[in-house]
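> According to the working numbering, the stretch in the sequence shown is residues 288 to 766, in order.
Even for Gly, the Cβ is constructed at its ideal location relative to N, Cα and C.
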Amino acid sequence: MAVPQRQEHQPSLRRWRMPVSDGTMGTFTTLQELVRSAVQYDDRPAIIAFGDNGAQSWTFNEVITSARRLANGLLAVGVAAGDRVGLLANHRPEWVVACCALLDSGAVVVPIDVQMGDADLEHILEDSGARWMFTDAKLVERVQRLRSGKGIKPILLDVPDEAEHGWRHFLAEGGDETPRRIPQDPAVLFYTSGTSGRPKGVPLTHDNLASNLRALLQEGLIQEDDRLLVPLSLHHVYPFVGGMMLALVAGAPIILPRALTGPQIVRALQDAQATAIIGVPRLYAALLAAMEGRLGRIGGAAFRLGISLSWALRRFFGLHLGRRLFAPLHRRFGQSLRTVVSGGAALEPGLARKLEALGWAVITGYGLTETSPILTFHRPGDGRLDSAGQPLTGVRLRIASPEAGFEHGEILAKGPNVFAGYLNLPEASRNAFTEDGFFRTGDLGYMADGLLYVVGRRSATIVLSGGENIRPDYVEEVL
Numbered sequence: 288m289a290v291p292q293r294q295e296h297q298p299s300l301r302r303w304r305m306p307v308s309d310g311t312m313g314t315f316t317t318l319q320e321l322v323r324s325a326v327q328y329d330d331r332p333a334i335i336a337f338g339d340n341g342a343q344s345w346t347f348n349e350v351i352t353s354a355r356r357l358a359n360g361l362l363a364v365g366v367a368a369g370d371r372v373g374l375l376a377n378h379r380p381e382w383v384v385a386c387c388a389l390l391d392s393g394a395v396v397v398p399i400d401v402q403m404g405d406a407d408l409e410h411i412l413e414d415s416g417a418r419w420m421f422t423d424a425k426l427v428e429r430v431q432r433l434r435s436g437k438g439i440k441p442i443l444l445d446v447p448d449e450a451e452h453g454w455r456h457f458l459a460e461g462g463d464e465t466p467r468r469i470p471q472d473p474a475v476l477f478y479t480s481g482t483s484g485r486p487k488g489v490p491l492t493h494d495n496l497a498s499n500l501r502a503l504l505q506e507g508l509i510q511e512d513d514r515l516l517v518p519l520s521l522h523h524v525y526p527f528v529g530g531m532m533l534a535l536v537a538g539a540p541i542i543l544p545r546a547l548t549g550p551q552i553v554r555a556l557q558d559a560q561a562t563a564i565i566g567v568p569r570l571y572a573a574l575l576a577a578m579e580g581r582l583g584r585i586g587g588a589a590f591r592l593g594i595s596l597s598w599a600l601r602r603f604f605g606l607h608l609g610r611r612l613f614a615p616l617h618r619r620f621g622q623s624l625r626t627v628v629s630g631g632a633a634l635e636p637g638l639a640r641k642l643e644a645l646g647w648a649v650i651t652g653y654g655l656t657e658t659s660p661i662l663t664f665h666r667p668g669d670g671r672l673d674s675a676g677q678p679l680t681g682v683r684l685r686i687a688s689p690e691a692g693f694e695h696g697e698i699l700a701k702g703p704n705v706f707a708g709y710l711n712l713p714e715a716s717r718n719a720f721t722e723d724g725f726f727r728t729g730d731l732g733y734m735a736d737g738l739l740y741v742v743g744r745r746s747a748t749i750v751l752s753g754g755e756n757i758r759p760d761y762v763e764e765v766l
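The structure is reproduced here in structure tokens:
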């Protein structure tokens, strides 16, 4: 069978319809099943990636067929089911292919931040025990300079087809000999940011991730005709699950901008006709600041007045006029964009209201790496933008009794999406759970009318001698 060749062209603007499904995509129990079933989407676009020479488009058939052949090649060179394989590379379609190949082969994906410092990178290589790594030509030199990286076997994603150690050299034919995974098997090993010590390994099973994906599908986050812009690095669990994997299971293309900068994000929004964007609050705050900054003093005042008017009409009269009032803005930033999804941190309610007033549906959620990641989901249009939303299907939340000096208790979570413990850290794993198995999120909050309200991190709250609680994040916002 010939190797599928990527296509270099501007993305088609055709609106695709969801094929008749056999039900597999809604009932998958492992990410291996998910990857193999995605081939049903055939010649629909799976990835639209922007680069120096315009847009590069990969179909589902190209992605999945390449991944299946790469999985065969990995098994042939000795990568066994359960082996941890690093994925340290820049944002590119081959990153997605390599990830799918690892999941199909039964190996455990270890996504790594390319901007991570040497000390943390060395720790991850040692802690994970990875012997193979998908990476870029420049990054492999850095890896092999490290003591723990000298024995790493590289597979390069950004080299010509004929280059030594290039990923296409590992493509191999084969039947269906790859080991079948079960839901309890580990699928992906994420590492926390390491803001309080060395990064901790968070093993997530196929069941952890599949249960979260099934719940998100049930919420209708991605529709059959969506095109999802993902301007975030895929080594984070949020864009990995809510961006790449969710689009893969839904048969929708993901759009990868050339760079994670404002002009390149806008270009991708426009040229690929993105209908939804997966971002973080900082991205949307910067977007609004750029909009207002371009208008000058008088125009900025009119812009703010228009937002206030649009929000008032929406709140008191149910009139959704944002797209009409701000039609030039929508033409500038992408006429097709209709949904903005925010995660990774709390979206400030005032910012969320502005985004809705501009005519976009706003979707937010709350979760952690350890919860695969989504615990709660804020449905667009319900007006309670200060909450983190309702628990996803299968998720149980509980608020612990407040500790002395604290107004609110810690948020506790249980469900099929919650991990079982940290890698190689038995004491930290024991401390992460209550006696009856609820995960301690480290966040403080409360429940009201079935909605979760998050008020801050327990470790970041300062309790004064008089009993007052000071939240540094609020102080930071004011400053």
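#1: Where does the unbroken alpha helix (DSSP H) through R744 begin, and where does it stop?
#2: Could you check which residue in A687, L575, G530 and W454 has the C-alpha nearest to that of F353?
#3: Would you mind sorting T721 into buried or exposed? The rule is 16 or more other CB atoms within 10 Å of its CB.
#4: Buried or exposed for D391, please, with buried defined as at least 16 other CB atoms from any protein chain shown within 10 angstroms of its CB.
#5: When we look at the beta-carbon of P636 and count the other beta-carbons within 10 Å, is it buried (16 or more) or exposed?
#6: Quick check on the DSSP output: what are the complete alpha helix (DSSP H) runs of length 4 or more inside the region 314-395, in order along the chain?
#7: Assuming S674 and L634 form a contact by the criterion Cβ under 8 Å, report the distance between their Cβ atoms to the nearest whole angstrom.
#8: Of all the beta strand (DSSP E) runs that stay within the bounds of the region 489-567, which reach a length of 3 or more residues?
#9: Taking the C-alpha atoms as reference points, what is the distance between V536 and A639?
#10: Cβ of L500 within 9 Å of Cβ of L533?
#11: Assign V676 to buried or exposed, taking buried as 16 or more other Cβ atoms, counted over all protein chains shown, within 10 Å of its Cβ.
#12: Where does the unbroken alpha helix (DSSP H) through G609 begin, and where does it stop?
#13: Figure out for me which residue from R331, D330 and V395 has the closest Cα to the Cα of F362.
#14: Pick helix, strand or coil for F725, following the three-state DSSP scheme.
#15: Applying the 10 Å Cβ sphere with the 16-neighbour rule, what's the burial state of N359?
#16: Distance check for L458 and A576, CA to CA, integer angstroms please.
#17: Need the endpoints of the alpha helix (DSSP H) that A644 sits in, please.
#18: Contact between the region 562-570 and the region 516-529: three or more CB pairs below 8 Å?
#19: Tell me which same chain residues have a C-beta within less than 6 Å of the C-beta of A325, skipping the five on either side of it?
#20: When DSSP labels each residue in this structure, what does D407 get in the three-state scheme?
#21: Between the alpha carbons of G310 and P540, how many angstroms are there, rounded?
#22: Please say whether A336 and P380 have beta carbons closer to each other than 9 Å?
#23: Name the two residues that bound the continuous alpha helix (DSSP H) containing S674.
#24: Please work out which residues of its chain come closer than 6 Å, Cβ to Cβ, to E409, disregarding the five sequence neighbours upstream and downstream, and give them in chain order.
#25: Considering only the beta carbon of each residue, do R717 and I698 sit closer than 9 Å?
#26: By the three-class DSSP mapping on this structure, what secondary structure does T656 have?
#27: What's the gap between the Cα of V401 and the Cα of D423?
#28: Sort out for me which residues DSSP pairs D730 with in a bridge.
#29: What's the gap between the Cα of T728 and the Cα of A700?
#30: In angstroms, rounded to a whole number, what distance separates the CA positions of L496 and A632?
#31: I need the straight-line Cα distance from G538 to D512, nearest angstrom please.
#32: Return helix, strand or coil for I469, following the three-state DSSP convention.
#33: Assuming V682 is part of the beta strand (DSSP E), what are its boundary residues?
#34: Quick check on G586: does DSSP put it in helix, strand or coil?
#35: If you draw a straight line from the alpha carbon of P298 to that of L556, how long is it in whole angstroms?
#36: Taking the C-alpha atoms as reference points, what is the distance between L547 and I334?
From the atom records:
#1: Annotation for R744: no alpha helix (DSSP H) segment contains it, though the beta strand (DSSP E) segment containing it runs L738 to R744.
#2: Before going on, a small fix: residue 353 reads as Ser here, not Phe. Relative to S353, the option among A687, L575, G530 and W454 whose CA is nearest is W454.
#3: With a 10 Å radius around the Cβ and a threshold of 16 neighbouring Cβ atoms, T721 comes out exposed.
#4: So D391 counts as buried.
#5: It counts as exposed.
#6: Here the runs fully enclosed are 318-324, 347-363 and 380-392.
#7: In this structure S674 does not touch L634 by the C-beta definition: roughly 11 Å separates them, more than the 8 Å allowed.
#8: The region 489-567 contains these whole beta strand (DSSP E) runs: 541-543 and 563-566.
#9: Looking at the two C-alpha atoms, the distance is approximately 28 Å.
#10: The answer is yes: Cβ separation under 9 Å.
#11: As written in the sequence, residue 676 is Gly, which differs from the Val given in the question. Buried, by the Cβ-count rule.
#12: Per DSSP, G609 belongs to the alpha helix (DSSP H) from G609 to L612.
#13: According to the sequence as given, residue 362 is Leu; it is not Phe. Here the closest residue by C-alpha is V395.
#14: In the three-state reduction of the DSSP assignment, F725 falls in the coil class, being assigned neither a helical nor a strand state.
#15: Buried is the call here.
#16: Rounded to whole angstroms, A576 to L458 spans 47 Å at the Cα level.
#17: From DSSP, the alpha helix (DSSP H) with A644 extends over P636 to A644.
#18: Judged by Cβ distances under 8 Å, the region 562-570 makes contact with the region 516-529, as three or more pairs qualify.
#19: So the qualifying residues of the chain are F347, I351 and L535.
#20: In the structure shown, D407 sits in a helix (DSSP, three-state: H, G or I).
#21: Because G310 carries a pLDDT of 44, less than 50, the predicted location of this residue cannot be relied on, and the following value inherits that uncertainty. Roughly 20 Å separates the two Cα atoms.
#22: Yes, the pair counts as a contact, with Cβ atoms nearer than the cut-off.
#23: Per DSSP, S674 belongs to no alpha helix (DSSP H) and is neither H nor E.
#24: Once the five neighbours on either side are set aside, the close Cβ partners of E409 are L433 and S435.
#25: Here R717 is not near I698, since their CB atoms are 9 Å or more apart.
#26: Of the three classes helix, strand and coil, the one that applies to T656 here is helix, per DSSP.
#27: V401 and D423: Cα-Cα distance of roughly 10 Å.
#28: Its beta-bridge partners are R744.
#29: For T728 and A700, the gap between their C-alpha atoms comes out near 7 Å.
#30: Between L496 and A632, the C-alpha separation is close to 20 Å.
#31: When the Cα atoms are used, G538 and D512 turn out to be separated by approximately 9 Å.
#32: Three-state result, I469: coil.
#33: Per DSSP, V682 lies in no beta strand (DSSP E) segment and is marked neither H nor E.
#34: Looking at G586 - three-state DSSP - the assignment turns out to be helix.
#35: With a pLDDT of only 35 at P298, under the threshold of 50, the placement of this residue in the model should not be trusted; the figure read from the coordinates follows. Computed Cα separation, rounded: 12 Å.
#36: Their Cα atoms are separated by approximately 17 Å.
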